[in-house]
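*Asks:* Quick one: the structure is below, and I'll ask about it shortly.
There are 2 protein chains.
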Amino acid sequence: MTADPARRNERSRRAILTAALDLLGETGYADLTIEAIAARAGVGKQTIYRWWRKKGAIILEALVDAMAAAEAVALPDTGDLAADLRTVMRATVAEFADPKLSATTRAITIETLGDESLGVQVRDQLLRPQLDAVKDRLRAGRDAGQVRDGVDLDQAVELLFGPLYHRWLLRTGPLTDDYADGIVELAVAAIRPDRK
Amino acid sequence: MTADPARRNERSRRAILTAALDLLGETGYADLTIEAIAARAGVGKQTIYRWWRKKGAIILEALVDAMAAAEAVALPDTGDLAADLRTVMRATVAEFADPKLSATTRAITIETLGDESLGVQVRDQLLRPQLDAVKDRLRAGRDAGQVRDGVDLDQAVELLFGPLYHRWLLRTGPLTDDYADGIVELAVAAIRPDRK
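So the sequences go chain by chain: A and B. First residue of the first sequence? That's 1 in the working numbering, and the numbers climb one at a time after it. First residue of the second sequence? That's 1 in the working numbering, and the numbers climb one at a time after it.
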């Protein structure tokens with residue numbers, strides 16, 4: 001019996017994904033090449049091209065893998081909704097403000113805008129777990145009487161991440177802790193129960 | 001004296017921009033070619049390449065020109081802030097929901113993500129006038145006591161357009177009148193004065 005050449009070798013796959021993320025951190029996305037990934041992983045370029053069409057797809061799979069290996073995404077629940085949202089928004093704003101992380105996210109965004117199936121993959125595998133974690137925290141807040149009944153929780157999540165995404169993509173303003181706190185203050189005001 | 005060959009001929013420039021926008025409407029951005037624009041405008045391809053590097057830059061200049069020719073952007077002011085914001089958000093959501101307009105905006109977004117100087121141009125010439133018009137309407141609302149003192153008006157604008165942008169880019173939900181109204185309801189709740 002001969003091995004199926006199309007079947008992925010798990011050890012090579014992991015070596016390639018690890019090499020890709022390491023190199024990404026060292027050189028940034030723009031200078032990342034398939035050649036360099038192959039050399040670092042100790043595989044041939046053809047091995048990589050057999051499994052992925054381009055570097056955006058490799059990085060995406062590496063990030064999805066890293067995410068799956070991490071603890072399940074969950075927000076802190078200290079009972080103070082605004083404080084917990086500030087924690088997650090400050091961390092997220094800091095990621096977008098980091099030049100290296102930002103360059104990677106920008107590169108992935110370009111790829112996904114031009115390729116709808118990749119866009120769906122990024123949305124469902126990378127983004128959705130993070131958005132759902134925030135939605136879960138908002139639902140717990142609603143159960144605790146801190147969120148108005150009838151608020152659409154998907155829209156409430158967008159109220160937090162939409163402004164950040166807009167500002168980051170369009171480069172319309174600074175990305176700071178103050179900014180993160182400002183978004184949370186407005187979002188919490190938008191969803192809180194009507195006062196009697 | 002010889003004419004400066006680098007100096008743009010205004011009649012040719014206008015013919016090219018008009019041809020570009022007409023063809024964009026007919027074929028969509030993906031199938032738009034420099035060849036087709038040149039043929040429609042009655043100029044040589046080289047004339048176009050002398051002035052613009054790629055089709056994204058032509059479309060951007062055409063849109064900026066069209067915007068400058070239009071009436072100054074201003075929102076309605078009926079005295080009812082929520083109603084006026086619903087008008088503008090419904091119109092904006094409809095633009096993003098339109099497949100042809102959406103494809104153009106998506107293409108321009110890809111270009112601007114990959115080219116920071118083009119990004120700054122789009123932000124300042126195309127986007128800023130629209131965001132400022134909404135900011136002016138919010139300022140009028142604040143003067144009329146419908147917006148809390150101390151609300152950052154730039155953040156309030158992002159509270160309206162950020163969620164839409166997020167949903168459109170990431171394809172996370174439907175773009176409907178109900179959605180537009182939902183955003184406005186949340187944003188207005190976020191910025192209204194504290195009740196006594």
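All C-beta atoms, glycine included, are put in the ideal place defined by N, C-alpha and C. Remember, it's a predicted structure, so these values are computed and weren't measured experimentally.
Chain A partners of L127/B, CB-CB under 9 Å?
*Replies:* Correct list: L170, T172.
*Asks:* Helix, strand or coil: which one does DSSP assign to R241/B?
*Replies:* The requested residue 241/B is not part of the displayed model; chain B covers only 1 to 196.
*Asks:* Distance cutoff 8 Å, beta carbons only. Does M1/A sit that close to anything in chain B?
*Replies:* Bear in mind that a pLDDT of 46 at M1/A, under 50, signals an unreliable position, so the model cannot answer this.
*Asks:* With 16 as the cutoff for other CB atoms within 10 Å, does L56/A come out buried or exposed?
*Replies:* For the record, residue 56/A in the displayed sequence is Gly; it is not Leu. G56/A is buried by the Cβ-count criterion.
*Asks:* Apart from the five residues on each side of it in sequence, which residues of its chain come closer than 6 Å, Cβ to Cβ, to V188/A?
*Replies:* So the list reads A82, once near-sequence residues are dropped.
*Asks:* Have a look at M1/B and R50/B and give me their C-alpha separation to the nearest angstrom.
*Replies:* Unreliable placement is indicated for M1/B, whose pLDDT of 46 sits below 50; no coordinate value is reported for it.
*Asks:* How far does the alpha helix (DSSP H) with E121/A in it extend, from its first residue to its last?
*Replies:* The displayed chain sequence assigns Gln, not Glu, to residue 121/A. Per DSSP, Q121/A belongs to the alpha helix (DSSP H) from 116 to 121.
*Asks:* Determine the extent of the alpha helix (DSSP H) in which L85/B is found, giving its start and end residues.
*Replies:* Its alpha helix (DSSP H) spans residues 81 to 97.
*Asks:* Give the residues of chain A in contact with E95/B, contact being defined as C-beta atoms less than 9 Å apart.
*Replies:* Here the premise fails: no neighbours, minimum Cβ distance about 16 Å.
*Asks:* When you compare the CB positions of L113/B and I110/A, do they come within less than 8 Å of one another, or not?
*Replies:* Yes, the Cβ-Cβ distance between L113/B and I110/A is below 8 Å.
*Asks:* Take the Cβ of P163/A as the centre, count every other Cβ of all protein chains shown within 10 Å, and call the residue buried at 16 or more, exposed below.
*Replies:* When all chains shown are included, P163/A counts as buried.
*Asks:* For the alpha helix (DSSP H) that T33/B lies in, which residues bound it at each end?
*Replies:* Premise fails: T33/B is in no alpha helix (DSSP H) and is neither H nor E.
*Asks:* Have a look at A133/A and A180/B and give me their C-alpha separation to the nearest angstrom.
*Replies:* So the two alpha carbons sit approximately 24 Å from each other.
*Asks:* In chain B, which residues lie with their C-beta within 7 Å of the C-beta of Y49/A?
*Replies:* The contacting residues do not exist; Y49/A stays about 23 Å from chain B at best.
*Asks:* Taking only beta-carbon positions, decide if A189/A is within less than 8 Å of chain B.
*Replies:* Yes, A189/A counts as interfacial toward chain B.
*Asks:* How would you list, in chain order, the residues of chain A whose beta-carbon sits under 7 Å from the beta-carbon of R123/B?
*Replies:* Neighbours of R123/B on chain A, chain order: L170, R171, T172.
*Asks:* Tell me the DSSP secondary structure of G173/A in three-state form.
*Replies:* G173/A: coil per DSSP, three-state reduction.
*Asks:* Rounded to the nearest angstrom, what separates L127/B and L85/B at their Cα positions?
*Replies:* Answer to the nearest angstrom: the Cα atoms are 17 Å apart.
*Asks:* Span of the alpha helix (DSSP H) holding L63/B?
*Replies:* That run of the alpha helix (DSSP H) goes 55 to 69.
*Asks:* If you measure from the beta carbon of L63/A to each beta carbon in chain B, is any gap under 8 Å?
*Replies:* No, no contact with chain B.
*Asks:* Assign T203/B to one of three DSSP states: helix, strand, or coil.
*Replies:* Since the first residue shown for chain B is 1 and the last is 196, residue 203/B is missing from the structure and cannot be characterised.
*Asks:* Would you say A108/B reaches chain A, if we count a Cβ-Cβ gap shorter than 8 Å as a contact?
*Replies:* Per the sequence shown, residue 108/B should be read as Ile rather than Ala. Not closer than 8 Å to any Cβ of chain A, the Cβ of I108/B fails to qualify, so no.
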